[in-house]
């Protein structure tokens, strides 16, 4: 019977899109440690300063935005919540580009801009996870809701692995191996050039991620 199917034919494509999101939000979650290592090396920062990345990701982004996200979903719809979360995710990732450009003005201001981008991105992840989990449960028969959610969640680890691969190939491998002491001895122009190349590697990964999220956002917007 159709009511006993985990994924009835009528919801197959929307379900695939929603399941893709379980993959999608695992990617930036597993780039966080890479950001810590990258910014510590690029900007010769202390552990206490780079720890702000984790504060912004988890305390501010996830911790402070889950409840507002749930209230938004309650007032509107699960689909609206998914679109809001994806929009913030994409916008935060794209904000990495102006953050990179600001590095030519002031390194500390550039780091603040990156923190702002990270906050917006992780606020989006918080709203996205809250709404997508509920949406997957509600989109099909109630009798198979738990199995449907478990199936979607099975794709989350693949996103985590992808995040690790992206960090190793496209970010960490592009960082200069010089220590903070060696960097401090470089002429200002040479150091700025190295930092620019390294920040470009970090930024490119996130901007591409943001563009992919915009495509997903459009697909979900056009799907009933």
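Numbering (this note's numbering), first residue to last: 1 to 224.
For each residue, glycine too, the CB sits at the ideal point set by N, CA and C.
A quick note: this is a predicted structure, and the numbers were derived from the prediction, not measured.
Along the alpha helix (DSSP H) that carries residue i, what are the first and last residues, could you check?
{"i": "residue 63", "result": "63-75"}
{"i": "residue 87", "result": "78-94"}
{"i": "residue 130", "result": "107-138"}
Using the Cα positions of residue i and residue j, report the straight-line distance between them to the nearest angstrom.
{"i": "residue 133", "j": "residue 109", "result": "36 Å"}
{"i": "residue 206", "j": "residue 35", "result": "11 Å"}
{"i": "residue 129", "j": "residue 153", "result": "11 Å"}
{"i": "residue 73", "j": "residue 83", "result": "11 Å"}
{"i": "residue 71", "j": "residue 121", "result": "19 Å"}
{"i": "residue 286", "j": "residue 186", "result": "The structure shown has nothing for residue 286, since the chain only spans 1 to 224."}
{"i": "residue 69", "j": "residue 209", "result": "22 Å"}
{"i": "residue 190", "j": "residue 224", "result": "53 Å"}
{"i": "residue 95", "j": "residue 213", "result": "13 Å"}
{"i": "residue 163", "j": "residue 124", "result": "17 Å"}
{"i": "residue 105", "j": "residue 114", "result": "14 Å"}
{"i": "residue 62", "j": "residue 7", "result": "30 Å"}
{"i": "residue 42", "j": "residue 220", "result": "37 Å"}
{"i": "residue 226", "j": "residue 16", "result": "With the chain covering 1 to 224 only, the question about residue 226 has no answer from this structure."}
Within 10 Å of its beta-carbon, does residue i have 16 or more other beta-carbons around it, so buried, or fewer, so exposed?
{"i": "residue 166", "result": "buried"}
{"i": "residue 222", "result": "exposed"}
{"i": "residue 19", "result": "buried"}
{"i": "residue 182", "result": "exposed"}
{"i": "residue 143", "result": "exposed"}
{"i": "residue 1", "result": "Note that residue 1 has pLDDT 45, beneath the 50 cutoff, so the model's placement of it is unreliable and the number below is only indicative. Per the 10 Å Cβ criterion, exposed."}
{"i": "residue 140", "result": "buried"}
{"i": "residue 131", "result": "buried"}
{"i": "residue 157", "result": "exposed"}
Kindly indicate which three-state DSSP category residue i falls into: helix, strand or coil?
{"i": "residue 224", "result": "coil"}
{"i": "residue 9", "result": "helix"}
{"i": "residue 98", "result": "helix"}
Entirely enclosed alpha helix (DSSP H) segments - the segment 149-204, minimum 4 residues:
156-166, 180-184
Segments of 4+ residues assigned as alpha helix (DSSP H) that fall wholly inside the segment 14-59
32-42, 47-54
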